[in-house]
Amino acid sequence: IILGILVSGRGSNLQSILDAIHAERLNAKIGVVISDNPEANALKRIAGFDIPGVCIERKNFTAKQDFEKAIADELNIHHVELVVLAGFMRILSPYFIQRCFGKIMNIHPSLLPAFPGLDAQQQALQYGAKVSGCTVHFIDQGIDTGPIILQEAVPVLEEDTVETLAERILHVEHILYPRAIGLYCDGRLCTENRRVRILQEV
Ligand code: GRF
Numbered sequence: 026i027i028l029g030i031l032v033s034g035r036g037s038n039l040q041s042i043l044d045a046i047h048a049e050r051l052n053a054k055i056g057v058v059i060s061d062n063p064e065a066n067a068l069k070r071i072a073g074f075d076i077p078g079v080c081i082e083r084k085n086f087t088a089k090q091d092f093e094k095a096i097a098d099e100l101n102i103h104h105v106e107l108v109v110l111a112g113f114m115r116i117l118s119p120y121f122i123q124r125c126f127g128k129i130m131n132i133h134p135s136l137l138p139a140f141p142g143l144d145a146q147q148q149a150l151q152y153g154a155k156v157s158g159c160t161v162h163f164i165d166q167g168i169d170t171g172p173i174i175l176q177e178a179v180p181v182l183e184e185d186t187v188e189t190l191a192e193r194i195l196h197v198e199h200i201l202y203p204r205a206i207g208l209y210c211d212g213r214l215c216t217e218n219r220r221v222r223i224l225q226e227v
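Count along the sequence shown from 1, then add 25; that gives the number in our numbering.
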């Protein structure tokens, strides 16, 4: 399966995918990495790999749809079969999502449907939650509302700050995301109504 990875920043989830492919834990190929931010550290992570990195900036387009069309065109050029959002800080419009429905994954640093949107770790702390975690899900037209693929919990400790909680969650993200992508690549994810079933390995 050919992946198209959309990033905006640090790129540690991109790194975990690169590492999983390198270690042959994930049978996939990265066709292209697209960033909306020319400064994204994520783009540096593919230097030295034979992976195209493309920057498509929102400010170069008047209409959001033209920006998204440029992304969709780039994904098509590289024959992308699964779009992986890895810290991509923009909300995709229904226009884009309809084009790729069921083929876009995201990772979110909370146990959805708790704490959607920005600053999920801070939301969990402020709420006083005793557990949080991360969620890999397919994208639908809402914000962090699509069918859930995998989740894993981590404890929230009394002494936690946003940084320590984020780090504990991130550690789990780096295991969960390559695993979820691998399930998709192996044809083991089956969505019925909004429930994702994981098929047994054959
Ligand atoms: C992660 O916490 C992810 O859950 C969220 O954005 C962050 C991206 O981090 N969607 P990185 O760029 O992969 O390091």
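From the three backbone atoms N, C-alpha and C, an ideal C-beta is built for every residue, glycine too.
Simplified DSSP state of residue i, which is helix, strand or coil
{"i": "Ala178", "result": "strand"}
{"i": "Ser37", "result": "helix"}
{"i": "Ile30", "result": "strand"}
{"i": "Glu93", "result": "helix"}
{"i": "Ile76", "result": "coil"}
{"i": "Glu217", "result": "strand"}
{"i": "Ile173", "result": "strand"}
{"i": "Ala139", "result": "coil"}
{"i": "Leu51", "result": "coil"}
{"i": "Glu184", "result": "coil"}
beta-carbon residue i near ligand 1 non-hydrogen atom, thresh 7 Å
{"i": "Glu177", "result": "no"}
{"i": "Ser157", "result": "no"}
{"i": "Leu117", "result": "no"}
{"i": "Val32", "result": "yes"}
{"i": "Ile122", "result": "no"}
{"i": "Asn38", "result": "yes"}
{"i": "Leu224", "result": "no"}
{"i": "Glu198", "result": "yes"}
{"i": "Ala67", "result": "yes"}
{"i": "His133", "result": "yes"}
{"i": "Arg35", "result": "yes"}
Span of the beta strand (DSSP E) around residue i
{"i": "His133", "result": "Ile129 to His133"}
{"i": "Lys84", "result": "Per DSSP, Lys84 belongs to no beta strand (DSSP E) and is neither H nor E."}
{"i": "Phe163", "result": "Val156 to Phe163"}
{"i": "Arg220", "result": "Arg220 to Ile223"}
{"i": "Ile59", "result": "Lys54 to Ser60"}
{"i": "Leu110", "result": "Leu107 to Leu110"}
Bounding residues of the alpha helix (DSSP H) (the contiguous stretch that carries residue i)
{"i": "Cys210", "result": "Val187 to Cys210"}
{"i": "Leu150", "result": "Ala145 to Tyr152"}
{"i": "Leu68", "result": "Asn66 to Arg70"}
{"i": "Arg124", "result": "Pro119 to Arg124"}
Residue i Cβ short of 7 Å to ligand 2 heavy atom set
{"i": "Gly112", "result": "By its list of ligands, the structure shown excludes ligand 2, since it contains just ligand 1."}
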